[in-house]
Every structure is written in structure tokens, then in C-alpha cells.
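Student:
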Amino acid sequence: MLRVSSFYGWRLLAALAAIASVNQGMTYLGAGVINAPMARNLGLSRGILGLGSTFFVLCIGLSAPLVGGLVNAFGSRLCLVFGSLLVALGAILLATGASQGWHFVVCYGLLLGMGCGFGSMIPAQSCASLWFERRRATALGLVLVGTGVGGAISAPLLTHVIVTAHGNWRAGWWCVSAAAFLAGMVSIAFVKDSPDDLGQVPDGQEKLVGEIADDAAARHSRVYRTRDHWTVREAVRTPAFWLLTLAAVGESVPGTAAVAHAIPHLRDLGHTAEAAGSALGIFSVCSILGSLIVGFFCDRMDPRIAWAVSIVIIGSSLLIATRAESNVGMYLFTGMLGFGSGSALTCWHATVANYFGPASFPSILCAQMPISTTIAAASPFLVGVAYDVHGTYTPAFLAVSALSVSTAILLLVAGPPMHTVRTDPSRLMANS
Numbered sequence: 015m016l017r018v019s020s021f022y023g024w025r026l027l028a029a030l031a032a033i034a035s036v037n038q039g040m041t042y043l044g045a046g047v048i049n050a051p052m053a054r055n056l057g058l059s060r061g062i063l064g065l066g067s068t069f070f071v072l073c074i075g076l077s078a079p080l081v082g083g084l085v086n087a088f089g090s091r092l093c094l095v096f097g098s099l100l101v102a103l104g105a106i107l108l109a110t111g112a113s114q115g116w117h118f119v120v121c122y123g124l125l126l127g128m129g130c131g132f133g134s135m136i137p138a139q140s141c142a143s144l145w146f147e148r149r150r151a152t153a154l155g156l157v158l159v160g161t162g163v164g165g166a167i168s169a170p171l172l173t174h175v176i177v178t179a180h181g182n183w184r185a186g187w188w189c190v191s192a193a194a195f196l197a198g199m200v201s202i203a204f205v206k207d208s209p210d211d212l213g214q215v216p217d218g219q220e221k222l223v224g225e226i227a228d229d230a231a232a233r234h235s236r237v238y239r240t241r242d243h244w245t246v247r248e249a250v251r252t253p254a255f256w257l258l259t260l261a262a263v264g265e266s267v268p269g270t271a272a273v274a275h276a277i278p279h280l281r282d283l284g285h286t287a288e289a290a291g292s293a294l295g296i297f298s299v300c301s302i303l304g305s306l307i308v309g310f311f312c313d314r315m316d317p318r319i320a321w322a323v324s325i326v327i328i329g330s331s332l333l334i335a336t337r338a339e340s341n342v343g344m345y346l347f348t349g350m351l352g353f354g355s356g357s358a359l360t361c362w363h364a365t366v367a368n369y370f371g372p373a374s375f376p377s378i379l380c381a382q383m384p385i386s387t388t389i390a391a392a393s394p395f396l397v398g399v400a401y402d403v404h405g406t407y408t409p410a411f412l413a414v415s416a417l418s419v420s421t422a423i424l425l426l427v428a429g430p431p432m433h434t435v436r437t438d439p440s441r442l443m444a445n446s
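Residue numbers (the working numbering): 15 to 446.
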């Protein structure tokens, strides 16, 4: 029996959360406070503003199979470093040369979108899922806390930087580039791809020779965790895969659309730029709470149920957004959206890892993401066009809310997939 002291997994989670706070939290959540004044200064329509966000999300989703393959082949650290460099490059180009709509679409939508895809969710969560088993949902939630912290800090910080620079939004992009370089350095110094790299085991538990898992404990657990390994080819033949993918659409579409248009929408309702930036900070704080609270409970209950509830919360927040003229309504809108988004993302990742196995997690998630994010990516552009046509976000927000609630209902019937043949983990790369 091998006892491992000084378990590195918790320090690893801190590093992964810090990286995610920049490459996803700052670029996705914090960038909204830069994009709004940039759009006004460059004369960009809401449709073009939404198009940049559409390409941002689309690049995350379409790059997912490539990212997953690179994670399986070379590990998470290399992807995180590369993603950080892409974010830094895109931010520098926006700070120095952006003057037209297509510059924004290319630099923000393509470069920062690819940087976020390579430098945040998939490699970070894949790494965390290998380091933790019994506490997997908690670990995944803690990594996602980084995204919320990044948004909570960067939204008011970047607002302050821009205001201090007399409305010069380019100063905000310089801040993003510096933070991305720092995230790359953290990736190089602190990310370890698996416990085997340090002679440790998941959760820091004692390891029996030739056996890690305690099957008896697993049978008595109320949380389903498969010990099988699924290839993508096997997974896509199950109803569970497609129902989980639909649920991912239901959580991704409203969050993507609302984050892209939250600042312009709140400004239209009469809120100041500082108040709208603070509301986006509330989104991030509540996202942190959602990730932490739900991550704790999902180690003890079926994350699928919590996922459905989270999606309903997201959909309800958009109903409130249509009547968010008061400060209470504004903060309730962003708070519920943040809590639901943070908790839903944690539940999605925990459910995939539990249903299909941690070794299969990158491949299965990367098979779902191109579908969910391609659909979600269209939402900022379509919502922006709807605003340009109707002069209000209300019709689009109501439609997106209905979509979310519908997918939450379908999620309730998504039981664990049945696997008749156990798959050796070494087959995953060849068959995915």
C-alpha cells in the first residue's frame, strides 16, 4: 500500500482557477465592459457586436475536438499555454489596431475565441477530473470559480481603467493582454497533467497495489459514477448523450446571448455604465456561488437534477431582464443568470464525467461542445438582429427563456447510459 503525502491536487486547482479567471472570465465576462464603449466609438451596430460574440463562442465549440485530441495526446498544460498566448495576441491587436467592425470580429471573435477554447474549460476541467474522483464535482466547481472570479474582478476593474483613461477602451485590452501572459506563465510553472506525473493518485487517497477503486463503496453511493470507459462512437448511440447535449444547448444559449448584450440592454433601460458594470460583477460573484454550492452537493446527489434546476433559473432570469428598469431588477437578473450559469456548467461537466468516465471526459465533452456552442454562438447575432428590427430585446429574451425551460424538462428523463462492453482506456484515442 502506497501512502501519498502533500496531495498536489488542491494547489493544482488554484492554478487552474487562476488561468480560467483570465482566459475565460476576463475575455468572456469582463470583455463586455470593453466591447460596449468600443462599439459606440467605432459606430458598430448591435448586430456586429453580437457577431463578434457569435464567432467567439463558435470558435470555442468548433475547436473543441482539436483541443480534446491535443489534451489526450500531449496533456492539458501545453493547451493552456497556447491558449494564453492566443488571448494575449488578440488583445494586443485590439488595443493597437482595431478601427472597423471586421477587426473586432477577427481579433475578438476568432483569436480570443480560439484562445479561450485552448486555454480554459476543456484542458482545465480534463486535468481536474483526472486528479479527483470522489470529490470530482467539487473540484470541477472550484475550477469554474476561477471564471466567476475573473469576471467579478475584471468587469469593475476594466470599467475603472476605461473611465480613468477618459473613455479609452484600448487601455482595457492592454490589461487583458498582460493578464494573459501571466496566465501562460502560471500554466508552465504549476500545471501537472495527471497524478501519475508526481507519483500520486486521485483524491490523494491510499492506493492498493493494482487497484484504485473501492467497488463496495461505489455500489453504496447515491451518485452514479461509471467505471467503464466510453468512446465517442459508443456514446453517440445512447439517448443520454443527446439529452445531455440538448441540456447543454439550453444552458449555453441564454448565457451567451445575455452576456453579449447585458451591458447595452441595461444601458437602454437607463442604468449608468458603472451600474451596468457592477451588475456584471454580480453575475460573476453569483456564478462563483453557484459553482461552489452545487459542486458540493453534486458529490452527494445526482448532478443531473441540479442541472435541470439551474437551467430553469437561467431561463427565469431572462424573464426578469425584460423588466429590469430598477436596480433590484437589474441585480436580480444578473445574479440569477450568474448563479444558474455557474451551477449548470459544473453539473454538465460532472454528469458527463460520471456517466461516461473521467478518462473519456475530454472526448465526450468535445463531441458535445461543437453542437451546443454552434447553436449558442448564433444567439448573440440573432438577438442583436432582433433588437435592430424591434428596437427592444424583449421578444428575443422571451424566446430564449422558453427554449431553456424546455431542455430542462427533457433533462429529467436522461438516465445513465447502459454499457454492455467495457472499453480499455487505450482505445479512446483510436476510436474517438
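Using N, Cα and C, we set each Cβ at its ideal position, and we do this for glycine too.
What are the boundary residues of the alpha helix (DSSP H) that includes residue 401?
Tutor: 375-404
Student: Decide yes or no for the touch test of the region 25-36 against the region 201-214: beta carbon pairs closer than 8 Å, at least 3 of them.
Tutor: yes
Student: At the level of alpha carbons, what is the spacing between residue 42 and residue 310?
Tutor: 25 Å
Student: Confirm, please, whether the CB-CB distance from residue 415 to residue 357 is below 8 Å.
Tutor: no
Student: As a quick exercise: from 133, 210 and 109, pick the residue whose alpha carbon is nearest that of residue 78.
Tutor: 133
Student: Where do the ends of the alpha helix (DSSP H) carrying residue 372 lie?
Tutor: No alpha helix (DSSP H) contains residue 372, which DSSP labels as neither H nor E.
Student: Which one of 72, 159 and 81 has the shortest CA to CA distance from residue 120?
Tutor: 72
Student: Determine contact between the region 139-152 and the region 370-378, defined as no fewer than three beta-carbon pairs at a distance below 8 Å.
Tutor: yes
Student: Hey, quick one: how far does the alpha helix (DSSP H) through residue 160 stretch, first residue to last?
Tutor: Here the alpha helix (DSSP H) through residue 160 covers 150-178.
Student: Identify whether residue 215 lies in helix, strand or coil by the three-state DSSP scheme.
Tutor: coil
Student: Using the beta-carbon count (16 or more within 10 Å), is residue 95 buried or exposed?
Tutor: buried
Student: Taking residue 96 as part of the alpha helix (DSSP H), name the residues at either end of that continuous run.
Tutor: For residue 96, the enclosing alpha helix (DSSP H) starts and ends at 90-111.
Student: Among 349, 215 and 36, which one has its Cα closest to the Cα of residue 21?
Tutor: 215
Student: Take the Cβ of residue 253 as the centre, count every other Cβ of all protein chains shown within 10 Å, and call the residue buried at 16 or more, exposed below.
Tutor: exposed
Student: In three-state terms, what does DSSP make of residue 210?
Tutor: helix
Student: Could you check if residue 149 is buried or exposed, using at least 16 other CB atoms within 10 Å of its CB as the buried criterion?
Tutor: Flag for residue 149 reads buried.
Student: Would you decide whether residue 432 is buried or exposed? Buried here means 16 or more other CB atoms lie within 10 Å of its CB.
Tutor: exposed
Student: Excluding the five sequence neighbours on either side, which residues of its own chain have a C-beta within less than 7 Å of the C-beta of residue 227, listed in chain order?
Tutor: With a pLDDT of 45 at residue 227, under the threshold of 50, the modelled position of this residue cannot be trusted, and the question is left open.
Student: Taking the alpha helix (DSSP H) that residue 282 belongs to, which residues open and close that run?
Tutor: 253-282
Student: I need the straight-line Cα distance from residue 331 to residue 424, nearest angstrom please.
Tutor: 20 Å
Student: Looking only at its own chain, which residues have a Cβ that is under 6 Å from the Cβ of residue 349, when we skip the five neighbours before and after it?
Tutor: 296 and 300
Student: Residue 172 and residue 48 - do their beta-carbons sit closer together than 8 Å?
Tutor: yes
Student: Which class does residue 139 belong to by DSSP, given the choice of helix, strand or coil?
Tutor: helix
Student: Would you say residue 13 and residue 194 are within 8 Å of each other, going by their C-beta atoms?
Tutor: No answer is possible for residue 13: the residues shown for the chain start at 15 and end at 446.
Student: Helix, strand or coil: which one does DSSP assign to residue 38?
Tutor: In this structure, residue 38 counts as helix in the three-state DSSP scheme.
Student: Are there three or more Cβ pairs, one per stretch, closer than 8 Å when the region 52-61 is compared with the region 95-114?
Tutor: In short, these stretches touch, since the Cβ pair count reaches three.
Student: Of all the options 412, 395 and 362, which has the alpha carbon lying nearest to the alpha carbon of residue 428?
Tutor: Ranking 412, 395 and 362 by CA distance to the CA of residue 428 puts 362 first.
Student: Please state the DSSP three-state secondary structure of residue 358.
Tutor: Correct three-state label for residue 358: helix.
Student: Looking only at C-alpha atoms, which of 155, 103 and 83 sits nearest to residue 303?
Tutor: 155
Student: Using CA atoms only, rank isn't needed, just tell me which of 199, 318 and 359 is closest to residue 267.
Tutor: 359
Student: According to the neighbour-count rule (16 or more other Cβ atoms, all chains shown, within 10 Å of its Cβ), is residue 340 buried or exposed?
Tutor: Looking at its Cβ environment, which holds fewer than 16 other Cβ atoms inside 10 Å, residue 340 is exposed.
Student: Given a threshold of 16 other Cβ atoms within 10 Å of its Cβ, counted over all protein chains shown, does residue 342 qualify as buried or as exposed?
Tutor: exposed
Student: Just to confirm, is the Cβ distance from residue 34 to residue 157 under 8 Å?
Tutor: yes
Student: Between which two residues does the alpha helix (DSSP H) harbouring residue 417 extend?
Tutor: 408-425
Student: With three or more C-beta pairs closer than 8 Å as the rule, is the region 402-419 touching the region 87-105?
Tutor: no
Student: Starting from residue 49 and walking both ways along the alpha helix (DSSP H), at which residues does that stretch end?
Tutor: It spans 46-56 - the alpha helix (DSSP H) in which residue 49 sits, taken as one unbroken run.
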